[in-house]
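A.B. asks: Here you go, one structure.
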Amino acid sequence: MRFFTKLFGSLATMMVLAGCGHQIERPRPQPPAPFAYLSLTACRAYRDNIVECQIEYGTDFGRQRLGPVQQRSLTIAGNGERYQILSCYPVARIKRELPNFVCRISSGSSGAEAASILVKGGTAVRLARILGDREQLQYRWTPDKWSRLND
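Using the working numbering, the first residue of the sequence shown is number 19, and each one after it goes up by one.
Quick look at the structure:
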């Protein structure tokens, strides 16, 4: 009888200790599509607190670079970490046909919000097409007929 008491007592102790060491980690919720497929990679820090990153679109099986983004005084360092884009919203445009976006990003490892970045130029045009901006999907560059550059 003593043998069974020791056996079941030690089994109960092992089960309790095994349960304490194992924690179930809940996965972080992913942002909605297409933001779940947008990330910042290849970040490099330069002088004067300027950081340049590449915006990429796709999964680990196939990624497409949309272009560079430069920002001053970002809290991210050039450590090669990937940053997830959480959301983007359009901001006022100087030229009506060229979009500008402000995007919120989070750290890939911790999931904490890292910063906001301004996306402009050709990178913003490619991002607008992914986000489904009808104006950018229909826009086709045509030379200005009044331009004197072609003379």
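Even for Gly, the Cβ is constructed at its ideal location relative to N, Cα and C.
If V69 and V137 are in contact, beta carbons under 8 Å, what's the gap, nearest whole angstrom?
C.D. replies: Start at 1 with the first residue of the sequence shown, and residue 69 comes out as number 51. Start at 1 with the first residue of the sequence shown, and residue 137 comes out as number 119. Going by Cβ atoms, the distance from V69 to V137 rounds to 14 Å, so no, they are not a contact pair.
A.B. asks: What is the rounded straight-line gap between the Cα of G96 and the Cα of A133?
C.D. replies: The count along the sequence shown starts at 1 and reaches residue 96 at position 78. The count along the sequence shown starts at 1 and reaches residue 133 at position 115. Residue confidence is low: G96 scores 48 on pLDDT, short of 50, so the model does not pin down where it sits. Its coordinate-derived value is still stated next. In a straight line, the C-alpha of G96 is about 14 Å away from that of A133.
A.B. asks: Please report the distance separating the alpha-carbon of Q89 from that of C61.
C.D. replies: Looking up residue 89 in the sequence shown gives position 71. Looking up residue 61 in the sequence shown gives position 43. Taking the straight line joining both Cα atoms gives about 11 Å.
A.B. asks: Give the straight-line distance between the Cα atoms of V120 and F79, rounded to the nearest whole angstrom.
C.D. replies: As a position in the sequence shown, residue 120 is number 102, starting the count at 1. As a position in the sequence shown, residue 79 is number 61, starting the count at 1. In a straight line, the C-alpha of V120 is about 27 Å away from that of F79.
A.B. asks: Is L149 near P52, with beta carbons less than 8 Å apart?
C.D. replies: As a first step, residue 149 is located in the sequence shown; it is residue number 131 there, counting from the start. As a first step, residue 52 is located in the sequence shown; it is residue number 34 there, counting from the start. Yes. Within cutoff.
A.B. asks: Counting only runs that start and end within the stretch 48-121, where is the beta strand (DSSP E) found for 3 or more residues in a row?
C.D. replies: Listed in chain order, they are 56-64, 68-77, 80-90, 101-108.
A.B. asks: In chain order, what residues of the same chain lie with their CB nearer than 7 Å to the CB of A130, ignoring the 5 residues before and after it?
C.D. replies: What you label residue 130 is simply residue 112 of the sequence shown in a count that begins at 1. Answer for A130: S124, listed in chain order.
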